[in-house]
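In the working numbering, the protein residues as written are 216 to 663.
All C-beta atoms in this analysis are idealised placements derived from N, C-alpha and C, irrespective of residue type, glycine included.
All values derive from a computational prediction rather than experimental measurement.
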């Protein structure tokens, strides 16, 4: 297996839910039960618990957004981290909504005499900081809920999504201020309070980096466009030359590239070439799928300055495993759809120059028509010792999963890059055919 996960890394969402719940049950619930709680006591307890959950999940989400390298290795690549970040963001929105409803709805129902009236003790002097924390937290909650909803609407252009998403750093700072200031005093004497404060403090670092536009800055390198070629199937082949500092990349990795368009930011693309320090260039293959990518062929030109960030990703074709150079290794099946061919092009470039024994490899590539990028795919496969199975979907229809399962052998691994729905279906089919779960590798190439 490429990455050895701990149990926590296999189920991070479950761990993120059970950890605060377990600490609450161990250190807070006994005191609550000892006081013979009524409805309003339980309501206050659940308001606090939902607030703790909200702050934990917001902290985890923004920590992942900071692109920490040590977490990338543990979770199997930045693409997997961003998918987890998205799910955590949705979860944080759910907990914030629950927190708000538990605070607001019982009071509303009490005024309508549908719930018993809340008995309050004598009011002390007004604390300006407490009032500020309540107001700040309320507005931060509204903004966070709006951000989650907007992030789920794919029709909104990426540049607007990016600018709005960047504001989450400020929302997190406001939420942390609200949560820590209103957390009950006795929590500061318990592990639940300590860990909540620690997570919030850790989250402040990427929050401030995000507001200062510093995330990923250490992995950014200036480059220039060496050449560009537009292919018939609306794929732009872009060759870039980093000026200095580029650390090299492994086949299957990706990068972010900033074309210098105001407000647009950097976009992720898989690197379609192997790294050769002597040559000093790297190739990107960009499919014209959205507003930005359709405009690029008319806006870019050789010599233009760009900024690269990376490399990222753990789609490494099993290279992290110990290798006996005298043995070919286990068979591999590569499955690519459309522009998903790019990581395999980089790997074939490596294999074509490799002297050592290599595994038996079958490449199943699906494209709509003949002449799709790249033009010389058959020659590349032959040079790399890869068996090509090219499916023209406009003529032959979709690729049958049975053709892939028929190639499975003992120890086979499957490497997939293509449409997400097809990947989900294929993974289920291969699992039912006996392929172990760790043997299916894919890029989760969705960043919103």
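request  = Spell out the partners DSSP gives residue 643 in its beta bridges.
outcome  = According to DSSP, which records beta bridges pairwise, residue 643 is partnered with nothing at all.
ask   = Which term fits residue 558, buried or exposed, when burial requires 16 or more other beta carbons within 10 angstroms of its beta carbon?
value = buried
key: N- and C-terminal bounds of the alpha helix (DSSP H) containing residue 235   = 227–242
task = Tell me whether residue 494 is buried or exposed, calling it buried when 16 or more other Cβ atoms sit within 10 Å of its Cβ.
result = Label assigned to residue 494: exposed.
query = With 16 other CB atoms within 10 Å as the buried threshold, where does residue 593 fall?
reply = exposed
task = Report all residues from its chain with a CB closer than 8 Å to the CB of residue 419; omit the five preceding and five following residues, and keep chain order.
result = 387, 388 and 391
ask   = In angstroms, rounded to a whole number, what distance separates the CA positions of residue 234 and residue 475?
value = Approximately 43 Å, taken between the alpha carbons.
message = One question on the structure: do residue 517 and residue 452 come within less than 9 Å of each other, judged by their Cβ atoms?
response = no
request  = Count the other CB atoms, across all protein chains shown, that sit within 10 Å of the CB of residue 226; report buried if there are 16 or more and exposed otherwise.
outcome  = exposed
message = So for residue 296, helix, strand or coil by DSSP?
response = helix
inquiry  = To the nearest angstrom, how far is the alpha carbon of residue 356 from that of residue 276?
reply    = The straight-line gap separating the alpha-carbon atoms of residue 356 and residue 276 is approximately 15 Å.
message = On the DSSP letters alone, give me the boundaries of the alpha helix (DSSP H) that residue 522 sits inside.
response = No alpha helix (DSSP H) holds residue 522; the beta strand (DSSP E) holding it covers 520–527.
query = Does the distance from the C-beta atom of residue 553 to that of residue 633 stay below 9 Å?
reply = A distance below 9 Å separates the beta carbons of residue 553 and residue 633.
task = Keeping to the same chain, check which residues put their C-beta closer than 7 Å to that of residue 467; ignore five residues upstream and five downstream.
result = Excluding sequence neighbours, residue 467 sits near 528, 530, 531, 532, 558, 561 and 562.
request  = Tell me whether residue 498 sits in a helix, a strand or coil according to DSSP, three-state version.
outcome  = strand
inquiry  = Does the stretch 580–598 come into contact with the stretch 444–458, if we say contact requires no fewer than three beta-carbon pairs (one atom in each stretch) closer than 8 Å?
reply    = As far as the Cβ criterion goes, the stretch 580–598 touches the stretch 444–458, which means the pair count is three or higher.
ask   = Which same chain residues, not among the five before or five after residue 359, have their C-beta less than 8 Å away from its C-beta?
value = These residues qualify, in order along the chain: 273, 307, 308, 311, 383, 386 and 390.
Neighbourhood of residue 542 by C-beta, 8 Å cutoff - its chain only, sequence neighbours within 5 removed = Confidence is the limiting factor: at residue 542 the pLDDT is only 44, short of 50, which leaves the residue's position unreliable and the question unanswerable from this model.
query = Counting along the chain, where does the alpha helix (DSSP H) carrying residue 514 start and finish?
reply = 506–514
message = Taking the alpha carbon of residue 613 as the reference point, which residue from 628, 580, 630 and 631 has its own alpha carbon closest?
response = Nearest of 628, 580, 630 and 631 to residue 613, Cα basis: 580.
query = With distances taken from CA atoms, which of 300, 290, 261 and 288 is nearest residue 320?
reply = Looking at the Cα atoms, 261 is the closest of the given residues.
request  = Taking residue 576 and residue 610 to be in contact with their CB atoms under 8 Å, please state how far apart those CB atoms are, rounded to whole angstroms.
outcome  = Not a contact, Cβ separation roughly 25 Å.
key: residue 628 - containing beta strand (DSSP E), residue span   = 628–632
request  = Note the first and the last residue of the continuous beta strand (DSSP E) segment covering residue 549.
outcome  = Membership of residue 549 in the beta strand (DSSP E) is indicated by the continuous run 547–552.
query = DSSP state of residue 446, grouped into three classes?
reply = coil
inquiry  = Could you compute how far the alpha carbon of residue 344 sits from the alpha carbon of residue 265?
reply    = 21 Å
ask   = Cβ of residue 314 within 9 Å of Cβ of residue 268?
value = yes
request  = Work out the CA separation of residue 363 and residue 679 for me, nearest whole Å.
outcome  = Only positions 216 to 663 of the chain appear in the structure, and residue 679 is not among them; the question remains open.
request  = Would you mind reading off the limits of the beta strand (DSSP E) that contains residue 582?
outcome  = Taken as a continuous stretch (DSSP letters only), the beta strand (DSSP E) holding residue 582 covers 576–582.
query = Do you know offhand how far residue 656's Cα is from residue 244's?
reply = 42 Å
Limits of the unbroken alpha helix (DSSP H) element including residue 277 = For residue 277, the enclosing alpha helix (DSSP H) has its first and last residue at 254–280.
query = In three-state terms, what does DSSP make of residue 484?
reply = strand
request  = Can you tell me which of the three DSSP states residue 435 falls into?
outcome  = strand
Given residue 496 as reference, the closest of 504, 511, 460 and 483 once Cα atoms are compared = 460
key: Nearest-angstrom Cα separation, counted from residue 549 out to residue 564   = 15 Å
task = Have a look at the DSSP bridge pairing and note the partners of residue 457.
result = 438
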